[in-house]
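Using UniProt numbering, read the sequence shown as starting at 1 and increasing by one per residue.
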Amino acid sequence: MTATDRTPPPLKWLCLGNRDANDGFELFAHGIYARNGALVGSKLSLRERRQRVDLSAFLSGAPPLLAEAAVKHLLARLLCVHRHNTDLELLGKNFIPLHASSLGNAGVCERILASARQLQQHQVELCLLLAIDEQEPASAEYLASLARLRDSGVRIALHPQRIDTDARQCFAEVDAGLCDYLGLDARLLAPGPLTRNLRQRKSIEYLNRLLVAQDIQMLCLNVDNEELHQQANALPFAFRHGRHYSEPFQAWPFSTPAC
């Protein structure tokens, strides 16, 4: 096994403060790794306490709450870490799932921008993981929101829900220089009919050639077993995320008054 293929060790997360969060939800952090196994950041998600459902799977209603509450948790975590000057390497890239349509809400954009300004004081990268499941061309208003966010230092990761259709909708964002990462779900790599596998592989390889030319990196999400790990390793993903590498950790309340 080479250095670029090795599986990283289990992840131990810092506690994340949840004093200021909605009591009906819990925050979870899940590690994101480079090809060499190095921890480079985390994907944040919320789950409703009653239903035990991962809200990042919802595409309507939940995204504004997800963005606001997750960023509040992240800020609390950053403040605690800086006060204790420990484990600073865990900060890195922080991906917050959000549906692309939510950027049409001016209030959501303002909350994200305000949080990004606070995060920048701690040299921490905030990245929106934007779920895309529509086949209509990107609107001028949507592209303008992306431009404003990126001008303020927010990173953008596009997350098409399919390869052959939604991935093409990313081209407007890519062509406009409004994208930093492209995330694809590992389920799209699962074995299937040979013709489908070849079509998907060609689509991913084509996307990679297009993205490399613009310095955009690819992220493989939800790599949950060895088979998907091998599939992801065979394709040009710079980063990987999933239960094959570590389990998501719940954000526990701070135990010390100093936090």
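C-beta: ideal position from N, C-alpha, C; glycine also.
Integer Cβ distance of residue i from residue j, believed to fall under 8 Å
i, j, result
"Val154", "Ile112", "6 Å"
"Asp180", "Ala157", "6 Å"
"Gly183", "Leu149", "At roughly 17 Å, the Cβ-Cβ gap does not stay under 8 Å, so Gly183 and Leu149 are not in contact."
Separation of residue j from residue i, as counted between CA atoms
i, j, result
"Arg243", "Phe95", "16 Å"
"Leu126", "Asn105", "19 Å"
"Arg240", "Gly107", "31 Å"
"Ser246", "His99", "25 Å"
"Asn225", "Pro160", "21 Å"
"Ala114", "Ala172", "26 Å"
"Leu211", "Val174", "8 Å"
"Gly37", "Gly31", "11 Å"
"Ser152", "Lys202", "35 Å"
"Thr208", "Leu39", "Per the sequence shown, residue 208 should be read as Asn rather than Thr. The alpha-carbon atoms of Asn208 and Leu39 are separated by roughly 22 Å."
"Gln120", "His229", "33 Å"
Residue i (DSSP reduced to helix, strand or coil)
i, result
"Gln217", "strand"
"Asn85", "Unreliable positioning characterises Asn85 in this predicted model, as indicated by a pLDDT of 45, which lies under 50. The coordinate reading is nonetheless provided below. In this structure, Asn85 counts as coil in the three-state DSSP scheme."
"Arg243", "coil"
"Asp20", "Interpretation of Asp20 is limited by its pLDDT of 38, a score under 50 that renders its predicted location unreliable; the figure taken from the coordinates is listed afterwards. Coil, per DSSP."
"Val40", "strand"
"Ala34", "strand"
"Leu228", "helix"
"Asp185", "strand"
"Leu129", "strand"
"Leu178", "coil"
"Leu235", "coil"
Residue i and residue j closer than 9 Å at C-beta
i, j, result
"Leu103", "Leu130", "yes"
"Ala29", "Leu44", "yes"
"Ala213", "Leu178", "no"
"Leu189", "Leu219", "no"
Residue i classed as buried or exposed, judged by whether at least 16 other C-beta atoms fall within 10 angstroms
i, result
"Ser139", "exposed"
"Gln231", "buried"
"Pro248", "buried"
"Ala186", "buried"
"Ala116", "buried"
"Pro137", "exposed"
Residue-chain proximity (residue i, chain D), Cβ-Cβ < 9 Å
i, result
"Glu226", "Within the model displayed, chain D is absent; a lone protein chain is all it includes."
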